[in-house]
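Novice: Line by line, the protein sequences give chains A and B.
Mind the numbering: the first sequence is residues 1 to 322 in this note's numbering, read in order.
Mind the numbering: the second sequence is residues 1001 to 1166 in this note's numbering, read in order.
Positions of the beta carbon are idealized from the N, C-alpha and C atoms, including for glycine.
The model shown is predicted, which means the values in this text are computed figures rather than measured ones.
Below: one structure in structure tokens.
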Amino acid sequence: MSRKGCLGCSFPVLITIVVVVLAVGVVSLLSGALGKAIIGEVGLPELFTVDAPHVQLPAEVIFHIGGFAVTNTLLASWITIVILAFFAWAVTHRIKVIPSRLQNLLEFALEWLMNFCIDVAGEKNGRRFFPIITTIFLFVIMNSWLSLVPGFGSITYTVVEHGETHVLPLLRGANTDINFTLALALISFVFVEYLGIREGGLRYFTKFINVRQFGQGVGQLLRGKVKSGFGGIFMGVIDMFVGVLEGIGEMMRVVSFTFRLFGNMLGGEILILMMLFLMPFLLAVPFYGLEMLVGAIQALIFGGLTLVFATMAVTQHEHEAS
Amino acid sequence: MEGLGINLSTLIAQLVSFLVLFGLLYFFAYKPILRMFDERSQKIKDSVEQAEQVREQAAHAEEENRKQLEAASKEGQEAIARAMRAGDEARQRAEEEAKVQAGTLLDKARQEIQRERDEAIGELHQEFADLAIVAAEKVIEKSLDKEAHRALIDKVLEESGILKED
């Protein structure tokens, strides 16, 4: 079949699309801050202009339950939980051996994550780590994709506080709240340390407080072997120092986990808001695609690093035991 | 810390949220889906094994069939050979019988011919004797007693017969 036209569209359709895109482009250029700076005010209706974003790091409190402050990020994370749980329930309350389309989707995602876990941690540990890794992954990716849903950030909520009225977004991506990323980082940390202790028992802590070599050195010195004694003490001091570094490194994982996710997600959000401000409609579109990718990658990084650390914590003792 | 917005109650709330999500997903997603994976792989394994079994059975049945067919064809060939041999024998026997029968028939025919010839010769003798008697009566004009006559002639004929036999 020979097709007339270009790019898979017939010419009238193509021309219409080009005209619409150009019109949107012109409007967005004229109404955005960028166009206003170059061309000047042309008097477009208020509707088209986008306010300059004002960056606020802490999440806004929407209301209080008793003494407990419910923030917009917490609300968003609850929505994510409801969506994920409902989706899972909708699929599995009538689960079939021959899957429906929805079941296929969930199975595909979980099987992919399961294979990822097994690839990294091996058959037995992969299956054991799978639930927590998958929960981290799904929570992060759904949070970030949810905040890309149109209208997500534009539902506002008016709070009157000390006589001032604040107009706040009702929802804000949970990934952009440091409390959320810190909570995830702590869970990842506790998970890894728990695995380490469960596998190695008290010996696990010798990784951080390593005095064996030092003790041997002292013993040899007392027995009169001065040279090897001092050598042992020297090596022992290095071992202790390495242990302390190891401990600090483990602690720093929490910080890096927290700020990696927080920074990426908040940065992405600000990026999109900036683009919307500079040139509404058109310029932000590629960045939406970029942010979807970033959300998926950050989720994979968070889950993957937790998986790798957990595997390290478990296999380290297998090596020592053998 | 204040500038970043870390506060304990929200942190705890997010921790709880994560644990709630973990629990919900564990019971609604991971457990049933993993069970389903295991069930499915078990099912696939079973059906593959079953298929293998069926294939084996089919091969077995085919082998059996082939053997039976072989046996049947061998039996058939044997039967044909036996029949041919029986046919040959029957033909030979029939030939021999026919020969024997023909021989006896020939003999009988010969004997019959012999007998008829003998009879004819005997009758001829009779006739000839009577003729001779009549002729002799005519010649000698003397009627011998018939009995004596006959004895005489027979004697002559006997002699001539012996002569002739030689």
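Does the distance from the C-beta atom of A:Q298 to that of A:L273 stay below 7 Å?
Specialist: Along the first sequence, read from residue 1 onward, the residue named residue 298 of chain A stands at position 298. Along the first sequence, read from residue 1 onward, the residue named residue 273 of chain A stands at position 273. Cβ distance not < 7 Å, so A:Q298 and A:L273 don't count as in contact.
Novice: For A:G229 versus A:G217, is the C-beta spacing smaller than 7 Å?
Specialist: On the first sequence, position 229 is the one that residue 229 of chain A refers to. On the first sequence, position 217 is the one that residue 217 of chain A refers to. Yes, they are a contact pair.
Novice: First and last residue of the alpha helix (DSSP H) that includes A:T80?
Specialist: In the first sequence, residue 80 of chain A corresponds to position 80, counting from 1. Its alpha helix (DSSP H) spans residues 72-92.
Novice: Using a C-beta to C-beta distance shorter than 9 Å, which residues of chain B count as neighbours of A:I132?
Specialist: Working through the first sequence from its first residue, we reach residue 132 of chain A at position 132. Correct list: F1022.
Novice: Who are the near neighbours of A:F130 in its chain, counting only those whose CB is closer than 6 Å to its CB and skipping five residues on each side?
Specialist: Walking along the first sequence from the start, residue 130 of chain A turns up at place 130. Counting only Cβ-Cβ distances below 6 Å, and skipping sequence neighbours, we find M114, C117.
Novice: So, at 7 Å on beta carbons, what are the nonlocal neighbours of B:Q1092 in its own chain, with the 5 sequence-adjacent residues on each side left out?
Specialist: Against the second sequence, residue 1092 of chain B aligns to sequence position 92. Closer than 7 Å at Cβ, skipping near neighbours: no residue.
Novice: Entirely within the region 93-176 of chain A and at least 4 residues each: give me those alpha helix (DSSP H) ranges in chain order.
Specialist: Segments of the alpha helix (DSSP H) lying fully in the region 93-176 of chain A: 101-121, 123-146.
Novice: Helix, strand or coil: how does DSSP classify A:I187 here?
Specialist: Mapped onto the first sequence, residue 187 of chain A falls at position 187. Correct three-state label for A:I187: helix.
Novice: What residues of chain A sit near B:E1039, judged by a beta carbon separation below 7 Å?
Specialist: For this step, residue 1039 of chain B is matched to residue 39 along the second sequence. Those within 7 Å of B:E1039 in chain A are V97.
Novice: Using 7 Å as the threshold, is the C-beta distance between A:T73 and A:A59 below it?
Specialist: Looking up residue 73 of chain A in the first sequence gives position 73. Looking up residue 59 of chain A in the first sequence gives position 59. A contact, by the Cβ cut-off of 7 Å.
Novice: Going by the DSSP bridge assignment, what does A:V61 pair with across the sheet?
Specialist: Working through the first sequence from its first residue, we reach residue 61 of chain A at position 61. DSSP output for A:V61 lists A:T71 as bridge partner(s).
Novice: Could you work out which residues of chain B lie near A:W89, taking near to mean beta carbons separated by less than 7 Å?
Specialist: Counting from one through the first sequence, the residue named residue 89 of chain A turns up at place 89. Residues of chain B passing the Cβ test: F1028.
Novice: Does A:A183 have its Cβ less than 7 Å from a Cβ in chain B?
Specialist: On the first sequence, residue 183 of chain A is found 183 positions in, with the first residue counted as 1. It does; some Cβ of chain B falls within 7 Å.
Novice: Closest by CA to A:V237, which one among A:Q213, A:M312, A:G249?
Specialist: Taking the first residue of the first sequence as 1, we reach residue 237 of chain A at position 237. Minimum Cα distance to A:V237 is reached at A:Q213.
Novice: Check the C-beta distance from A:A76 over to A:L171 and give it rounded, since I have them as a contact under 8 Å.
Specialist: Here residue 76 of chain A refers to the residue found at position 76 when the first sequence is read from its first residue. Here residue 171 of chain A refers to the residue found at position 171 when the first sequence is read from its first residue. Their Cβ separation, rounded to whole angstroms, is 5 Å, which keeps A:A76 and A:L171 in contact under 8 Å.
Novice: For chain A, is any of its Cβ atoms less than 7 Å away from the one on B:I1044?
Specialist: Reading the second sequence from its first residue, position 44 is the one you call residue 1044 of chain B. Answer no: the Cβ-Cβ gap between B:I1044 and chain A never drops below 7 Å.
Novice: Name the chain B residues that come within less than 7 Å of A:L273, Cβ to Cβ?
Specialist: The residue given as residue 273 of chain A occupies position 273 in the first sequence. Those do not exist, as A:L273 stays about 18 Å from chain B at its closest Cβ, beyond 7 Å.
Novice: Would you mind sorting A:G224 into buried or exposed? The rule is 16 or more other CB atoms within 10 Å of its CB.
Specialist: Position 224 of the first sequence holds residue 224 of chain A. A:G224 comes out exposed.
Novice: Quick check on the DSSP output: the alpha helix (DSSP H) that includes A:P280 runs from which residue to which?
Specialist: Start at 1 with the first residue of the first sequence, and residue 280 of chain A comes out as number 280. Looking at the DSSP string, A:P280 is not in any alpha helix (DSSP H), and its letter there is neither H nor E.
Novice: For B:P1032, report the span of its alpha helix (DSSP H) as first-last.
Specialist: Here residue 1032 of chain B corresponds to residue number 32 of the second sequence, with the count starting at 1. Element bounds for B:P1032: 1031-1140.
Novice: With a threshold of 8 Å, are at least 3 pairs of Cβ atoms found where one atom belongs to the region 1119-1135 of chain B and the other to the region 1146-1162 of chain B?
Specialist: Yes: the two stretches touch, three or more of their Cβ pairs being nearer than 8 Å.
Novice: Between the alpha carbons of B:V1100 and B:A1090, how many angstroms are there, rounded?
Specialist: By 1-based counting over the second sequence, the position of residue 1100 of chain B is 100. By 1-based counting over the second sequence, the position of residue 1090 of chain B is 90. Taking the straight line from one Cα to the other gives about 15 Å.
Novice: Taking the alpha helix (DSSP H) that B:T1010 falls in, what are its first and last residues?
Specialist: In the second sequence, counting from the first residue as 1, residue 1010 of chain B sits at position 10. Here the alpha helix (DSSP H) through B:T1010 covers 1008-1025.
Novice: Mind pulling the chain A residues with CB within less than 7 Å of B:S1047?
Specialist: Position 47 of the second sequence, counted from the start, is the residue given in the question as residue 1047 of chain B. Chain A residues near B:S1047: none, gap ~11 Å exceeds 7 Å.
Novice: Mind pulling the chain B residues with CB within less than 9 Å of A:P53?
Specialist: Reading the first sequence from its first residue, position 53 is the one you call residue 53 of chain A. None at all; the shortest Cβ gap to chain B is about 17 Å.
Novice: Which bits of chain A does B:N1065 rub up against, with CB to CB less than 8 Å?
Specialist: Working through the second sequence from its first residue, we reach residue 1065 of chain B at position 65. None at all; the shortest Cβ gap to chain A is about 36 Å.
Novice: Against chain A, which members of the region 1075-1095 of chain B pass a CB distance test of less than 7 Å?
Specialist: From the region 1075-1095 of chain B, no residue has a Cβ closer than 7 Å to chain A.
Novice: Who are the neighbours of B:L1015 on chain A, taking C-beta pairs under 8 Å?
Specialist: Taking the first residue of the second sequence as position 1, residue 1015 of chain B is located at position 15. Going along chain A in sequence order, the residues near B:L1015 (Cβ under 8 Å) are A183, L186, I187.
Novice: What residues of chain A sit near B:L1069, judged by a beta carbon separation below 7 Å?
Specialist: Position 69 of the second sequence, counted from the first residue, corresponds to residue 1069 of chain B. Within 7 Å Cβ-Cβ: nothing; B:L1069 doesn't reach chain A, min ~42 Å.
Novice: When you check each C-beta in the region 64-82 of chain A against every C-beta of chain B, which residues fall closer than 7 Å?
Specialist: Under the 7 Å Cβ criterion, the region 64-82 of chain A contributes F68, A69, T71, L74, S77, W78, I81.
Novice: Name the two residues that bound the continuous alpha helix (DSSP H) containing A:G35.
Specialist: Residue numbering aside, residue 35 of chain A sits at position 35 when the first sequence is read from its first letter. Residues 33-38.
Novice: Does any residue of chain B have a CB that is nearer than 7 Å to the CB of A:F180?
Specialist: The count along the first sequence starts at 1 and reaches residue 180 of chain A at position 180. Yes - at least one Cβ of chain B is within 7 Å of the one on A:F180.
Novice: If I measure Cβ to Cβ from A:S322 and keep anything under 8 Å in the same chain, skipping five residues before and after, which residues do I get?
Specialist: As a working mapping, residue 322 of chain A is identified with position 322 in the first sequence. Any reading at A:S322 must be qualified, since the residue scores a pLDDT of 49, below 50, and its modelled position is unreliable; the value itself is stated next. For A:S322, where only same-chain residues beyond five positions count, there are no Cβ hits under 8 Å.
Novice: Can you give me the C-alpha to C-alpha distance between A:V159 and A:I38, rounded to a whole angstrom?
Specialist: Stepping through the first sequence from its first residue, residue 159 of chain A is reached at position 159. Stepping through the first sequence from its first residue, residue 38 of chain A is reached at position 38. Cα to Cα, the separation comes out at about 37 Å.
Novice: Would you mind telling me which residues of chain B sit closer than 7 Å to A:T92, beta carbon to beta carbon, in chain order?
Specialist: Stepping through the first sequence from its first residue, residue 92 of chain A is reached at position 92. Correct list: F1028, A1029, P1032, I1033.
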